[in-house]
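Below is one structure, written out as structure tokens, with a few remarks after it.
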Amino acid sequence: MVNGVTISDAETPFLGNVVEGSVDYKGRPVTRSKSGGWRSASFIIGVEVAERFAYYGIASNLISYLTGPLGQSVASAAENVNIWSGTASLLPLLGAFIADSYLGRYRTIIISSVLYILGLGFLTLSTVIPYSHSDCQDTATCSPPTFQIIFFFFSLYLVAIGQGGHKPCVQAFGADQFDAQDPQESKAKSSFFNWWYFGMCGGLFMTLYILNYVQDNLSWGLGFGIPCIVMGLALVVFLLGSFTYRFHQSSDEKNPFIRIGNVFINAARNWQTTTSAISVEQEVQDILPHEGSEQLKFLNKALLAPNGSKENGKICSISEVEEAKAILRLIPIWTTCLVYAIVFSQSSTLFTKQGATMDRSLGSNFEVPAASLQSFISLSVVIFIPIYDRILVPVARAISGKPSGITMLQRIGTGIFLSILSMVVAAIIEKKRLQVALEHSLVDMPKATVPMSICWLIPQYILFGISDVFTMVGLQEFFYDQVPVELKSIGLSLYLSIFGIGSFLSSFLISVTENITGKDGQTSWFSDNLNRAHLDYFYWVLAVLSTIAFTAYLYFSRSYIYNKSSSL
């Protein structure tokens, strides 16, 4: 009998090799040698490659479609991209809640994949529906009819909904394939996040070289249709791996949201309780003082029954209090990383429009799509992750004695610092571009090509890529590792929400800056004529904001206390 279920001798695996708390797709105990690990993770990483190929097939060049076929201004298009991207990054909170509370990760992935494919199909249809130009004097700048625009945005947000369920659950489900209690699999789990991001950037790399070219030179319908087909294949691959997956068994404990909520409720009810009363209760429960007990001490009041009563059923355990503290400790780290997310938003919006004004010729007949320069972010990640995982981590491990080499917060901080450098470089390069435009009398010729190679933008993209290896992967592992076991999808959705809120803040910052700099007939920093705009000033503002946020991050990270189960 295992976990209350009687199974036959033929079905009984070698118990020393059984992975506790996990079952297969039929609910039977699973062995370490025949399930999970890299065998299962390879299917899931393959699905992530396809999903990122599809997502960035839309996101990376969306601003070009909005300013082209839909005829929007640069500022309006950038705001729409940021709002959509922000929504897509916040919806995982809802998807993760549904998965962790009701459906489970596996079923949520399947349902969200179907919605994803449906959204991509509708998006393709919205771009190929023919419409009349009879009411439009200039067919080159004619916008589609209102219905077609509404259908386009409906499809776009359906993709965001599908991504909202897919993104946090696939990564959490992939990490679930490694047993944290096994030393070897615990190390493999840390590497999983590196190779996960490697695969993700591999999908993005293919997107930027294949789909952006198709969209800019062949057809938007084909450019949106290919991601739809790829996502369909990804769903098939995911289902094929079902026989190898480990599924975590649901706990008999209370819902984690209820457990953590009760801590805050009980602490609020006991707000008048004295410190001495809490100390007495800790002695009664044989709770030894520890580092974590000195932080967020007001939550320790949840250890007492309301108003000093003896209703033990309403008393929270020390483990429940520590879970609540773990969630609260994430807030300062989450907040100080928001500016990094604002900086991250620029690579698919303003960087792309900046590159579109420059000399993009490669040979005599080929013109590089501006959005494809984002591939240098992916290329940097693809090159640097093996270096980090196979060289830097072992060296750092030998020095520090930590399994991951450096702590997760040290890794995140390193990436934030590099993102500041990328903004400084971007500002300098943009200043140079404006000088070249002035020298060649192109200031009032917005459609003219500035005789400055687009390759000048490569350094800022490479810095972005290397910073991603540190911060993006570090954030993924940090938010997965530091939440209760039942809330792993929620943890990853919190990481994604940083970039959702960051996109909204980027949109808000652009809107406010445009209103301030463009009033009284002055030229806005985001003028449609980029030769008169001042993106360089905006990049300097972001560099200053990032420096302030980085300083705050260093302060909070120094006092952060990791979960006891964390491998750092």
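In this text, residue positions in the sequence shown follow numbering that gives the first Met the number 0: the first is 0, and each later residue adds one. Every residue gets a Cβ at the ideal spot worked out from N, C-alpha and C, and that includes glycine. The structure presented is a predicted model; accordingly, all values stated were derived computationally and were not measured.
Check	Outcome
Assumed close pair S59, A355 - CB separation to whole angstroms, cut-off 8 angstroms	Contact flag wrong, Cβ pair sits at about 13 angstroms.
Residues of its chain near A49, where Cβ-Cβ distance is below 8 angstroms and the 5 sequence neighbours each way are ignored	G202, V229, M230, L232, A233, V236
Same chain only: Cβ atoms within 7 angstroms of S190, ignoring 5 sequence neighbours per side	D388
Residues of its chain near S72, where Cβ-Cβ distance is below 8 angstroms and the 5 sequence neighbours each way are ignored	T66, D527
DSSP beta-bridge partners of E569	The shown model of the chain, from 0 to 567, leaves out residue 569, and the question about it has no answer.
Within 7 angstroms, strictly: CB atoms of I341 and L504	yes
Spatial neighbours of A532 in its chain, beta-carbon cut-off 8 angstroms, leaving aside the 5 residues before and after	T522, S523, W524, F525, S526
Residues near G120 by beta carbon distance below 7 angstroms, same chain, minus five either side	C227
F192 versus S111: straight-line alpha-carbon distance, rounded	22 angstroms
Validate contact between the region 329 to 348 and the region 75 to 88 using beta carbons, cut 8 angstroms, 3 pairs	yes
Under the three-state DSSP convention, the category V482 falls into	coil
Which of helix, strand or coil DSSP assigns to H247	strand
Beta-carbon spacing of G94, G26 below 7 angstroms	no
Segment contact flag, the region 496 to 513 with the region 438 to 449, C-beta cutoff 8 angstroms, min 3 pairs	no
Close-in-space but distant-in-sequence residues of the same chain around F463 (CB under 6 angstroms, 5 per side omitted)	S346, I376, S421
Local Cβ density within 10 Å of G198, reported as buried at 16 or more and exposed below that	buried
Closest residue to F263 among Y55, I108, L302 (Cα-Cα distance)	L302
M471 - DSSP class collapsed to helix/strand/coil	helix
Beta strand (DSSP E) segment containing V229, residue limits	Note, V229: premise wrong, no beta strand (DSSP E); alpha helix (DSSP H) at 219 to 239.
Element boundaries [alpha helix (DSSP H), containing P393]	392 to 399
The region 30 to 49 touching the region 326 to 333, judged by at least three CB pairs closer than 8 angstroms	no
Cβ-based neighbour list, N211, same chain, cut-off 7 angstroms, excluding 5 preceding and 5 following	S59, N60, P368, A370, S371
Bridge partner(s) assigned by DSSP for K17	The sequence shown places Val at residue 17, not Lys. Note: V17 sits in a beta bridge opposite T30.
Residue from Q409, T516, V338 whose Cα sits closest to the Cα of G559	The question names Gly, but residue 559 is Tyr in the sequence shown. Nearest option by C-alpha distance: Q409.
Spatial distance of G35 from N265 (CA atoms)	40 angstroms
Boundaries (first-last residue) of the beta strand (DSSP E) holding S452	449 to 452
Helix, strand or coil at V569 [DSSP, three-state]	Residue coverage of the chain in this structure runs from 0 to 567, which leaves residue 569 outside it and unanswerable.
Same chain, Cβ closer than 7 angstroms to T335, neighbours up to 5 away in sequence not counted	A548, A551, Y552, F555
For A98 and S545, believed in contact at Cβ under 8 angstroms, the rounded distance	The Cβ separation is near 33 angstroms, so there is no contact.
Opening and closing residue of the alpha helix (DSSP H) in which N60 lies	Careful: N60 lies outside any alpha helix (DSSP H) and carries neither H nor E.
Bridge partner(s) assigned by DSSP for V22	P28, F246
Cβ-Cβ separation, N530 to L569 (assumed contact under 8 angstroms), whole Å	The question about residue 569 has no answer, for the chain in this structure spans 0 to 567.
Segments assigned alpha helix (DSSP H), at least 4 residues, entirely inside the region 173 to 215	182 to 205
Outcome for P385 when other beta-carbon atoms lying within 10 angstroms are tallied against a minimum of 16	exposed
M407 - containing alpha helix (DSSP H), residue span	407 to 438
Three-state secondary structure assigned by DSSP to G354	helix
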